[in-house]
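Read in the UniProt record's numbering, the sequence shown has 510 at position 510, and its numbers run on one by one without any break. Note that beta-carbon positions come from the ideal geometry of N, C-alpha and C, so glycine has one too. Values in this document were obtained by computation on a predicted structure and should not be read as measured data. To start, the structure itself, in structure tokens.
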Amino acid sequence: MEVLEEAEEVDQTAEDVNSLNISDNLEDTDTDVPLEEVSVPSDVPVFDWSSIDTSRLPSSYKTNSRKEKELLHLADHFLQQYTHLCPDRKPLFVHPVNECGMEKFVSTTVRPTLLPYPELYYWSGCASFVSDYLVMEPLKCPITPPSSLYSPTTILKYQRGNCFDFTVLLCSLLIGAGYDAYCVHGYATHEICSLDQTQELCPLLRKPQEVPEEMDPNKYRIKYPLEPQSKFELQQKAKKEEEIEHVQQEERGEEVVMEVEKPKRDPLHGLRVHAWVLVLSGKRKVPETFFINPFTGNSHSTMDECFLGIESIWNHRNYWVNMQDCWKGCKARSFDLSDSLRWEIMFSESNKPSQLLTELPKKDMDDMEKGESDMSFEMPLSWVARIKVSSREYANPYSQGKKVILYDKSKLEKWAPYANGNGLVQRLTVYADLDRTKEVEVTEWFKHREDLLYMREVNKQTQLTTDYFRPGHPLLLKAHSYTSLEPETGHTVEFYHTARVDNLWKRFENATEMTEYFEGRDDFLHTRHIEFGEREKKMGMAGTRTDANPRPIVQIKECFHRNPEKPADEDVEERIFMVIDDIIQLTYHLEVHDTIASKVVFSRVIGRERREDEIFLSRENSVKYQPWSSEKHKNVLHLYELLWELREEQKQLKQQVRDSEAEMLNILKVREDEEANVKLSVLMYNTAERGQEHEAMV
């Protein structure tokens, strides 16, 4: 066909023209954003699309320009040729009606748009937004495409749609962000089409694949002979194990239940119509072609068995029909759209005639020689109005307040920021059974909390709760594990140690002991362990404050890393202060060739009453074993000075222990107050808007 020239153009602004070519002007950018999921509330009421108000829609929604009419005419000719040459193929999805009842070519329904939100510059952000913002509606007939395709603006307004509506909106955002994206009309499994993820593992529970380390075999290694084993004995052992297992299964009887239920056979397998997005490699440095399921926002390999076949694809510029065999799904399919043997293009991008036209009978070719032998055609601009999403709509994507996704033995719930008073935005519940009745673990994520809490893990079996904090907490908290906020009930606190003077990064405390871990200290201290005794009964009355009745300190043990600037027999590795027994024990580091460490033990003289400011040293209360020590360690004066220093350090350590106890009590008090009065931070430029949202929620 010859190139059609339009006499009457529809009014288009310069902004509309630029939006169609925005993907060509964007610079390539690396993308690495984690994937997101979607949910479908089961209690969503059926929406009546016939009741929507179309009176205020632009004129382009209600009429077709001359160029659009010519486009529909060419599309009808293409369909006639396609039906003639491929009578066994299903009808193509080419020009469904829009919300105003007007036939519109599918390519003109795609409206490339780049929204002013940083997350939507990446494919994962676009996919996550579409899957979260829209509510999924199944096709009226699962084996045929819909008769209508509404504009992305209408779909955004009512926040619902079928797979074709999801796909067109997502494709519009991806093309606007610079991706080489296409809408796909094809076939998929029942789970994909119905958004059934109950047989899948939640993505948040998937562990990253570990790359096995390749061991280089040494061909010169001595191979020792294996211990000989009798094949007959191995066979008898295996047979006996099978018999025991068989007997156990018979005893259990009907109680033997398969953990993973196999899905029932779908009678419509291979016939269920679905629409999704194809992203070709190249633009935006996409390394490999992949699919995006718009219902979930998940990326899939083109080899994924869930996608069973492709009828056609389109973008805002053209339409392609798949001419490849799809009996084996989408595996080994070529996505080189320039290959005319595998993809039949509707409007040739050069002066070459369409492949379908060259295969027509001579009589039909003669009828179309006048101005229709060349299918080259310039696609008219989209009839869809500019896609807009306000900051309030973007921040609150869930039309039902929240979304719920059911996975295999787990449930994921999502809320918009500020929807909950405690800042909760996401909760993952893991169950022990397929019916999701026995909770095993609950993980919650928070946003905008002033106490900087962003995640909480709760083990329902042990009732152990672990809170995680972002940097900046007044108490420099990083994590806090507990079963109760009561003192001395077992608490593990982690700190951002680089911000602390003492470089403490972790502390564990219960009723009988306390252990502190350090990192990067100048004195090479890395661990301090304190043992406590029982409080006196006469002071342990009900209502007595814990800090008013301190626990007696029984022992303080400190461990040090090796200081390379000191000799090993002068560098203390471990020192123990037995406070009640009045014993101090030092253990020194070992040299490379040493086997027994040097030790010094100072003990109390039997029968002598100790005085506070007195240091008494004799052969009876000092025991040393220093096989590699220097001469100065044998000097009694040196031992006397060492004992004096240790006594002073013991006093300081006891005070540090009391300070640590007081710090733990303060941490528990602050955390209890923070949980009782949760405060959410509000950005300065969003104060007015957040106030309106708060009033709306109340």
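Range of the contiguous alpha helix (DSSP H) that encloses Q80: R66 to L85
Where the beta strand (DSSP E) through W343 begins and ends: W343 to I345
Rounded separation between R575 and R507 - CA only: 19 Å
C-beta neighbour in chain D for T437, strict 8 Å: The structure shown contains no chain D; it is built from a single protein chain.
Inter-residue spacing [alpha-carbon to alpha-carbon] between V682 and H448: 7 Å
Cα-Cα separation between F347 and F78, rounded to whole angstroms: 9 Å
Entirely enclosed beta strand (DSSP E) segments - the segment 512-543, minimum 3 residues: 513-518 and 525-532
Status (buried if at least 16 other CB within 10 Å, exposed otherwise) for H593: exposed
Spatial distance of G533 from L504 (CA atoms): 24 Å
For A188: DSSP bridge partner residues: F307
Rounded Cβ spacing between D180 and K331 (contact assumed at less than 8 Å): The pair is not a contact, with the Cβ atoms about 21 Å apart (cut-off 8 Å).
Touch test, the segment 158-174 against the segment 131-142, Cβ-Cβ under 8 Å, three pairs minimum: yes
Straight-line Cα distance separating I155 from T63: 19 Å
Inter-residue spacing [alpha-carbon to alpha-carbon] between A385 and R436: 45 Å
Short Cβ contact (8 Å threshold) for C171 with V110: yes
Whole-angstrom distance between K239 and K231, CA atom to CA atom: 12 Å
Reduced DSSP secondary structure (H/G/I, E/B, other) of H497: helix
Host beta strand (DSSP E) of T443 (start-end): E439 to F446
E488 in three-state terms, based on DSSP: coil
N-terminal and C-terminal residue of the beta strand (DSSP E) that F129 is part of: Taken as a continuous stretch (DSSP letters only), F129 belongs to no beta strand (DSSP E), being part of the alpha helix (DSSP H) at W123 to Y133.
DSSP beta-bridge partners of M455: W445 and Y468
Residues bridged to R507 [DSSP beta-bridge criterion]: V493 and E516
Where C202 falls, given that 16 or more other Cβ within 10 Å makes a residue buried: buried
Contact check, L169 vs V106, beta carbons under 8 Å: no
Reduced DSSP category for E558 - H, G, I as helix; E, B as strand; rest coil: strand
Bridge partners - F291, DSSP secondary structure assignment: L278 and H300
P380 beta carbon less than 8 Å from that of L71: yes
Sequence-distant residues of the same chain with beta carbon closer than 6 Å to T512, five excluded per side: F532
Rounded separation between E645 and V636 - CA only: 14 Å
Endpoints, the alpha helix (DSSP H) within which Q652 is located: V636 to A676
Close-in-space but distant-in-sequence residues of the same chain around E119 (CB under 6 Å, 5 per side omitted): G125
Beta bridge counterpart(s) of V404 as assigned by DSSP: E413
Where the beta strand (DSSP E) containing Y418 begins and where it ends: Y418 -> no beta strand (DSSP E), and no H or E assigned at all.
Cβ-Cβ distance between H274 and C193 below 8 Å: yes
Cα-Cα separation, P34 to E450: Annotation note: pLDDT 36 at P34 (below 50); position unreliable, coordinate value reported separately. Taking the straight line joining both Cα atoms gives about 26 Å.
Test item: CB-CB of F560 and L653 under 8 Å: no
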